[in-house]
Each structure stands twice: as structure tokens, then as C-alpha cells.
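Worksheet: one structure, shown below.
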């Protein structure tokens, strides 16, 4: 009675690319700011603190005639069992009728849209002449957020990678990340000029950071993507003009940067309520360092209604907690492509 398309991870990856995802994430932010999209309350459960958790993010995109949800889990010990740390499922439904449109693996969508958010944040808040990109964290998200940032900042000359738990993991990451980026660039091989330009951008030094204080002081752009519950960057290390995108905080108690950095920075978020409840912004708000009226949603900057960076000296923070609208709009795009080329399986309920 209700046919819908089912896509496994391979089919999702075949129909998704980073350049398109950058545009999709921007559109999701824009629709939200235009009041053509609504977020529903997030559901979160921790199976074992710091080891395994799950959350359900859901919403309605009236501007795209869809609603749905993403259920994603993180099991930190899975890689030792030859399983991915992140496992997710996305369901998309028609908001005019309620009928299911598709269900698909959510891991690739999560990695791609989260990485794309870092690129969008860099596009609107980092200095255009930024040369040094620092990645704090070297997990599965690493290649995605680095590639997205390199796609939007053409003058980056080197990438530094810091893993707060393991220098060895950072070294392994630096040895393999270019190969992963090349894999993500495969969809553009038919567009020779763009492909060659992106190969040029990733063919720069990727180096392990041993002195995080010095690296932070010299970095122009910093992406944090860890499960940390203690600040990894201190306020006194930050220099004028730095942009920071925080990707790791997505539940209460997580924290990657010193809350006092917020006091003298321009603050941007994907969703104010979610950022204050579970994002990097949570701790500064609870400690009275930040008030809600100091936060600007990125959608209003994209639409030109609010200012982003206004001087080369500004310190900017983008708290990217990850919203369901990104997942659903990305999934809807994948389903359209899959229907064109016959990917996946059509099921019925």
C-alpha cells in the first residue's frame, strides 16, 4: 500500500557528495530561519557514560514537504569489534500525506552533513585569508570536516592534527587522511577543473601536533570534534582573528573549549535552544558567561539579516550541535538521486 525506497550505506554513499552536502546544509539553515522548518524535541539516552549513547533528532521541513527522524547511536568500543562507532537510521516521510518515502543507513549522512557544517561555518565566519587549519580530534569525522573546510577556504596551506588521547592515532590519521579525501573527491572526476583544484587543496602538509598550546596560538581555523567533557583549549591560547567550529558537544556535559573563550567572541549556533541545552554553549550559559540574546543562528547570517565576522580581529565561535533538518534534507536529496538511477530496494508496508 505504501511503497518506499530502502538504501543501505553503500547506496547512500553512491548518491551523496560533499559539494552537494555543503549546499544542502546551507539550505537547511536558511529554511529554518525562514520559519519553513521546525525542530522537534531531541531524545537522548546514555547506555554507559562516555562509552555508548543514542539520540533521536526529528523535525518538519515545510519548505521541502517532508518530516522524519534520525536515530543514531555511538558505541565507542565498536572499532575494536570491527564495527563502526556510529550507527544510524534515517526515515523520511511526506508531510502532506504522512506516507513513508524512504529509510536508509544514517552513518554516512551523519558524517557528511556534520563535516559539511564545519565547511559552512568556515565559509561565513573564518577569515578568507586563513592559512592554518587545526583539527582537534582524529576520529571518523576527521576527513569529512577537513575536506569541507578546505572546499570553502582556498588559502589553507597546512593542516595540523591533535588527538588529546593518543599521539599515535593522530600519526596514523595524518598518514591516511589524504587517501580518504581522495575517495570523497571521486564524484568530481568528470569535472576536471574542479577535481584538479580540490586535489591541489588537499595536497598540503598534514602534520601531528605535539604542543597544543602553540598550535592553537598559531591556527587561523580550529575544528573540534571529540567526545570530551573537559575543555581542551584554554582562553589564553586563543589569538585575535581565530575561528572555532565546535562539532563534538551534542549532549549535556560535553565540553571541548574553555567557557571563558565565549566572553569575548562572536557567537553563532545552528539552533539556540539545542545549543544551550546540549551544545558547547551549555556550560557558558549555565555559568552566566553567555546570555541567549548573545547567540545568533547561522541561518540569519546566511540570509544576510545578521552580521557574521565584521573585522579580521574578531574571534568567532560556531557551535554546531547538528540538527535533524540537515539529516532530513540530505536524505531527501539522496532519495531523489536514488530514484533517478534505481539505487536501493523498493519495499512496501
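Residue numbers (the numbering used here): 1106 to 1454.
Don't be surprised by glycine CBs; every beta carbon is placed ideally from N, CA and C.
All values derive from a computational prediction rather than experimental measurement.
Candidates the options: which alpha carbon is nearest residue i's?
| i | options | result |
| --- | --- | --- |
| residue 1389 | 1206, 1367, 1218 and 1267 | 1367 |
| residue 1288 | 1122, 1402 and 1227 | 1122 |
| residue 1135 | 1410, 1426, 1452 and 1443 | 1410 |
| residue 1443 | 1344, 1219, 1207 and 1277 | 1207 |
| residue 1117 | 1185, 1213, 1371 and 1425 | 1213 |
| residue 1343 | 1370, 1330 and 1279 | 1370 |
| residue 1141 | 1200, 1147, 1452 and 1161 | 1200 |
| residue 1420 | 1115, 1227 and 1183 | 1227 |
| residue 1315 | 1106, 1306, 1425 and 1274 | 1274 |
| residue 1340 | 1322, 1291 and 1383 | 1322 |
| residue 1175 | 1324, 1216 and 1259 | 1216 |
| residue 1266 | 1293, 1209, 1291 and 1329 | 1329 |
| residue 1239 | 1193, 1192 and 1324 | 1324 |
| residue 1311 | 1278, 1293, 1305 and 1294 | 1278 |
| residue 1440 | 1379, 1352, 1285 and 1198 | 1198 |
| residue 1219 | 1448, 1452, 1453 and 1423 | 1423 |
| residue 1124 | 1139, 1379 and 1249 | 1249 |
| residue 1313 | 1377, 1243 and 1290 | 1243 |
| residue 1269 | 1338, 1137 and 1178 | 1338 |
| residue 1259 | 1235, 1425, 1276 and 1247 | 1235 |
| residue 1264 | 1285, 1306 and 1294 | 1306 |
Give me the Cα-Cα distance between residue i and residue j, rounded to the nearest whole angstrom.
| i | j | result |
| --- | --- | --- |
| residue 1446 | residue 1429 | 26 angstroms |
| residue 1163 | residue 1144 | 6 angstroms |
| residue 1149 | residue 1318 | 34 angstroms |
| residue 1407 | residue 1188 | 37 angstroms |
| residue 1241 | residue 1272 | 12 angstroms |
| residue 1181 | residue 1245 | 11 angstroms |
| residue 1225 | residue 1257 | 7 angstroms |
| residue 1120 | residue 1393 | 44 angstroms |
| residue 1113 | residue 1195 | 11 angstroms |
| residue 1262 | residue 1308 | 9 angstroms |
| residue 1363 | residue 1320 | 16 angstroms |
| residue 1159 | residue 1185 | 19 angstroms |
| residue 1397 | residue 1450 | 45 angstroms |
| residue 1221 | residue 1108 | 31 angstroms |
| residue 1173 | residue 1115 | 21 angstroms |
| residue 1231 | residue 1106 | 50 angstroms |
| residue 1229 | residue 1210 | 30 angstroms |
| residue 1353 | residue 1179 | 12 angstroms |
| residue 1193 | residue 1365 | 34 angstroms |
| residue 1165 | residue 1292 | 30 angstroms |
| residue 1202 | residue 1304 | 44 angstroms |
| residue 1374 | residue 1425 | 6 angstroms |
Assuming residue i is part of the beta strand (DSSP E), what are its boundary residues?
| i | result |
| --- | --- |
| residue 1131 | Note, residue 1131: premise wrong, no beta strand (DSSP E); alpha helix (DSSP H) at 1123-1138. |
| residue 1205 | 1205-1210 |
| residue 1178 | 1171-1180 |
| residue 1148 | 1148-1153 |
| residue 1143 | 1142-1144 |
| residue 1328 | 1326-1329 |
| residue 1401 | 1400-1402 |
The ligand ZN and residue i: does any heavy atom of the ligand fall closer than 7 angstroms to the residue's C-beta?
| i | result |
| --- | --- |
| residue 1107 | Looking at this structure, you won't find the ligand ZN or any other ligand, since it has none at all. |
What three-state label does DSSP hand residue i in the structure shown?
| i | result |
| --- | --- |
| residue 1411 | coil |
| residue 1252 | helix |
| residue 1107 | coil |
| residue 1269 | coil |
| residue 1164 | strand |
| residue 1219 | helix |
| residue 1353 | coil |
| residue 1289 | helix |
| residue 1245 | coil |
| residue 1261 | coil |
| residue 1521 | Past the boundaries of the shown model lies residue 1521; the chain is included only from 1106 to 1454, so the question cannot be answered. |
| residue 1422 | strand |
| residue 1371 | strand |
| residue 1281 | helix |
| residue 1240 | strand |
| residue 1074 | Because the chain is modelled from 1106 through 1454, residue 1074 falls outside the range shown and cannot be assessed. |
| residue 1394 | coil |
| residue 1387 | helix |
| residue 1362 | strand |
From which residue to which residue does the alpha helix (DSSP H) around residue i run?
| i | result |
| --- | --- |
| residue 1381 | 1377-1383 |
| residue 1435 | 1429-1446 |
| residue 1298 | 1297-1307 |
| residue 1192 | Run containing residue 1192: none in the alpha helix (DSSP H); it sits in the beta strand (DSSP E), 1191-1199. |
| residue 1322 | 1317-1323 |
| residue 1452 | It is not in any alpha helix (DSSP H) - residue 1452 instead sits in the beta strand (DSSP E) that spans 1450-1453. |
| residue 1116 | 1114-1119 |
- Should the segment 1122-1131 be called in touch with the segment 1245-1260, which here means at least 3 C-beta pairs below 8 angstroms? yes
- Determine contact between the segment 1425-1441 and the segment 1165-1174, defined as no fewer than three beta-carbon pairs at a distance below 8 angstroms. yes
- Query: Does the pairing of the segment 1139-1159 with the segment 1412-1419 give three or more beta-carbon distances under 8 angstroms?
  - Reply: no
- Task: Count the CB pairs spanning the segment 1295-1305 and the segment 1343-1355 that are closer than 8 angstroms, and state whether there are at least three.
- Result: Using a Cβ-Cβ distance cut-off of 8 angstroms, the segment 1295-1305 and the segment 1343-1355 are not in contact, since fewer than three pairs of beta carbons, one from each stretch, lie closer than that value.
- Message: Within 8 angstroms, do at least three Cβ pairs link the segment 1326-1343 to the segment 1352-1363?
- Response: yes
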